[in-house]
Amino acid sequence: MMETNMKTDTNIKLPISFILYGLAAFVVSQLILFLNSSDLIEGQFRIPDIWMAVHFLMLGFAVMTAMGAMYQLVPVAFLTPIWNQTFGFIQFFITAVGMTLFAILLGFHTNIAIYGGILAIIGILMFLFQMIKTISVQKEKTTMTYFILVALVSFLLTITAGFILAWNLAFGDSGYHENILYSHITLGIAGWFTLLIFGMSYKLVPMFSLSHGFTMKWAKPALYTYIGGLVVTIISYWVHMSTVQSIGFFLLFAGFGLFSLDMKEILSKRIKKKLDQPFQFSLFAIFNGLIIHFLALLIVLLDFTTENVWPWLIYLYIVTWIVFSILGYLYKIVPFLWWTHKYSEKVGKEKVPTLKEMMNEKLSGILYSLFIVSVLGIIISIGLKNGISLYGFTGLMTATSCIYAISIIKVLLK
Amino acid sequence: MIGVRFNMIDKKQIEEALKDVIDPELGVNIIDLGLVYGIDIDDNNNIRIKMTLTTPGCPMHDSISYGVQNRLHLIDGIGNIEVQLVWKPQWDPSRMSDRAKELLWGI
Chain A
0 MMETNMKTDT
10 NIKLPISFIL
20 YGLAAFVVSQ
30 LILFLNSSDL
40 IEGQFRIPDI
50 WMAVHFLMLG
60 FAVMTAMGAM
70 YQLVPVAFLT
80 PIWNQTFGFI
90 QFFITAVGMT
100 LFAILLGFHT
110 NIAIYGGILA
120 IIGILMFLFQ
130 MIKTISVQKE
140 KTTMTYFILV
150 ALVSFLLTIT
160 AGFILAWNLA
170 FGDSGYHENI
180 LYSHITLGIA
190 GWFTLLIFGM
200 SYKLVPMFSL
210 SHGFTMKWAK
220 PALYTYIGGL
230 VVTIISYWVH
240 MSTVQSIGFF
250 LLFAGFGLFS
260 LDMKEILSKR
270 IKKKLDQPFQ
280 FSLFAIFNGL
290 IIHFLALLIV
300 LLDFTTENVW
310 PWLIYLYIVT
320 WIVFSILGYL
330 YKIVPFLWWT
340 HKYSEKVGKE
350 KVPTLKEMMN
360 EKLSGILYSL
370 FIVSVLGIII
380 SIGLKNGISL
390 YGFTGLMTAT
400 SCIYAISIIK
410 VLLK
Chain B
0 MIGVRFNMID
10 KKQIEEALKD
20 VIDPELGVNI
30 IDLGLVYGID
40 IDDNNNIRIK
50 MTLTTPGCPM
60 HDSISYGVQN
70 RLHLIDGIGN
80 IEVQLVWKPQ
90 WDPSRMSDRA
100 KELLWGI
């Protein structure tokens, strides 16, 4: 028998710090979007307030939460402890200050945002260093490891491109601003987040559905195809050839499709019949991601260039794939973190709650429904150019985000 | 030295005690889940539990190990307790009791 003697615990304060910051940034980002609804209806995206909201959402919420989740999940998934937890706390502090400064400066003093950006980049580089050191000691590298490593490399390239963009805003355009911007967005949302969620899903989906006997036969093809898609799509921004762009978007869609096939097989071989609502929400996000990849491919193939189609497709990709995935998984991760901290050593001595009892699943179902209604409402309002209804739905999204954040924090009081 | 040991602990007693250790994610005890591969008891009531978890690298590994030790320590006359967590052979759903299968398909 193969015996294990692992001790991979992470100090709970480390992931929780990232997650709490992320929740606050999530609410702030939605509030800013709500206050700027009138700009959104006019198709004004590239303005300081929207940059601020997007960076609070993507850096403050999505990146910080992903970092917190990785501090918790990487040791579990790769059976290797975090390289240096004190370094992790310093990294949290620098990144949190850097990202807050960067997002606020983008909104109010765009020309000096680069100084906040530098601090945020230092924090991100520290995180990348921490993860590389942690993962490098893993004995047997799996396909999941490579998903995470490619995601981390994409993250590094994303912030490099982002730094050049901030430099351009501060000191003048290098002449390639648009090319770099599109590369930055693609590397960030598809390279970093999508590959990270792919990698983590290969661990979390079987675990939460108690699935056994699945093959993961599409994992490697999905990884290679998606990487190919990223490379070709980014090249297309520089060579301006529609055929290259079509191939790139096809490969991205195909890679996502192969990943989805594996998820489908894992779920078909599950032992747990009724899945938790938060987990179902994360699975719903996979479906959204696949559909949006397909729509993106169609738009490129049909050369469908209606005004603002891309910003709204990117919005849908970010919210209904990336943000929904995170919102689903957070409702699983936080109760687990707190349960481990509070009840782990009491098991067997006294009656302890199950993880299901740590959260209000009924409320989570209502919140997830409200998130879906809000996003649909926002898109329909934009389509109809109805400003009042847009205010209503961005307001609903903000209120739902606020209640969601409170409901997660309430887990920590149990 | 020849002595008579009273209160010899048997396997059945250990199994019953371990039914109080619940997997917090699934809400089913570790015996019904079929996570316990072996229970060894020596003449001095020292116990060695060989067990696994449903997923390699399950984040609950420490909690469940603590749970096993904590629960067994409540048994009168118990000696040392060793929990040996193994990943191979990998856990298989066929190891679950009918009750566990019913619970997981029913909940």
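Same order as they appear, the protein sequences are chains A and B.
Counting with numbering that gives the first Met the number 0, you get residues 0 to 413 for the letters of the first sequence.
Counting with numbering that gives the first Met the number 0, you get residues 0 to 106 for the letters of the second sequence.
We treat Cβ as the ideally placed atom computed from N, Cα and C, and that holds for glycine.
- Message: Is A/L411 close to chain B? Criterion is C-beta to C-beta, closer than 8 angstroms.
- Response: no
- request: Grab me the residues of B/I46's own chain with a C-beta within less than 8 angstroms of its C-beta, minus the 5 sequence neighbours each way, in chain order.
  value: I8, I13, I38, D39, I40, L71, I77, G78, N79, I80 and E81
Margin query: Per DSSP, what are the beta-bridge partners of B/D22 in this structure?
Written below: B/V27
(Q) What ranges does the alpha helix (DSSP H) occupy inside the stretch 281-346 of chain A, keeping only unbroken runs of at least 4 residues that lie completely in it? (A) 308-315 and 323-342
Short-range partners of chain A found in the stretch 66-80 of chain B, where Cβ spacing is below 9 angstroms:
G66, V67, Q68, N69, R70, L71, H72 and L73
Provide the residue(s) that pair with B/K49 in DSSP beta bridges, ordered along the chain. B/G37 and B/Q83
Requested in this report: Taking B/D91 as the query, report the chain A residues whose CB atoms sit under 7 angstroms from its CB, ordered along the chain.
Outcome: H211
Query raised in the report: What number of angstroms, rounded off, separates the C-alpha of A/T144 from the C-alpha of A/I196?
Result: 12 angstroms
| request: Find the nearest neighbour of A/M357 within the set B/S64, B/Y36 and B/P23, judged by alpha-carbon distance. | output: B/P23
Restricting to Cα atoms, I'd like to know which of A/L186, A/T79, A/I405 and A/L58 is closest to A/Y330. A/I405
Short Cβ contact (8 angstroms threshold) for A/A112 with A/G59 = no
Does B/G33 come within less than 8 angstroms of chain A when only Cβ atoms are used? no
(request) Specify the secondary structure class of A/S210 as computed by DSSP and reduced to three states. (result) strand
| message | Taking only three categories from DSSP, how would you classify A/E349? | response | strand
Own chain, CB closer than 8 angstroms to A/M1, minus 5 neighbours either side, in chain order
Note that A/M1 scores 44 on pLDDT, short of 50, meaning its location in the model is unreliable and no value can be drawn from it.
* Buried/exposed call for A/S380, threshold 16 Cβ in 10 Å -> buried
Practice task
Indicate whether at least one CB of chain E lies closer than 8 angstroms to the CB of A/T304.
Solution key: The structure shown contains no chain E; the protein chains it does contain are A and B.
- request: Return the residues of the stretch 352-366 of chain A that lie within a Cβ-Cβ distance of less than 8 angstroms from chain B, sorted by chain order.
  value: P352, T353, L354 and K355
For A/I321 versus A/A68, is the C-beta distance shorter than 8 angstroms?
no
| How big is the Cα-Cα spacing for A/P205 and A/L105? | 41 angstroms
Margin query: Rounded to the nearest angstrom, what separates A/N4 and A/F91 at their Cα positions?
Written below: Because the pLDDT at A/N4 is just 44, under 50, the model does not fix this residue reliably, and the value given afterwards should be weighed accordingly. Each residue's Cα considered, the two are about 29 angstroms apart.
Check: My guess is that A/T64 and A/F17 are in contact by the Cβ rule of under 8 angstroms, so how many angstroms apart are they, rounded?
Finding: 7 angstroms
### Task
Output yes if chain B places a C-beta closer than 8 angstroms to the C-beta of A/W237; else output no.
no
query = Got a sec: which bits of the stretch 179-206 of chain A sit with their beta carbon under 9 angstroms from any beta carbon on chain B, in order along the chain?
reply = K202, P205 and M206
Quick check: what's the CA-CA separation for A/L296 versus B/L17?
54 angstroms
Review point. Using a beta-carbon distance below 8 angstroms, is B/I30 in contact with chain A?
Key: no
Quick check on B/R98: does DSSP put it in helix, strand or coil?
helix
B/L25 to A/Q29, Cα distance in whole Å?
35 angstroms
At least 3 beta-carbon pairs within less than 8 angstroms: the stretch 132-150 of chain A vs the stretch 180-188 of chain A:
no
- Item | Members of the stretch 9-27 of chain A near chain B, C-beta cut-off 8 angstroms | none
**Request:** Please decide whether A/V346 counts as near chain B, where near means a Cβ-Cβ distance under 8 angstroms.
**Result:** yes
Between the stretch 263-274 of chain A and chain B, which residues of the former have a C-beta closer than 7 angstroms to a C-beta of the latter? I270, K271, K272 and K273
**Prompt:** For chain A, is any of its Cβ atoms less than 8 angstroms away from the one on B/E14?
**Reply:** no
- Query: Which residues in the same chain have their Cβ closer than 7 angstroms to the Cβ of A/G227, if we skip the five residues on either side of it in sequence?
  - Reply: L250
Reference A/Q276, options A/M130, A/K355 and A/L127, closest by Cα
A/K355
Review point. Should A/Q129 be labelled buried (16 or more other beta-carbon atoms within 10 Å of its own) or exposed?
Key: buried
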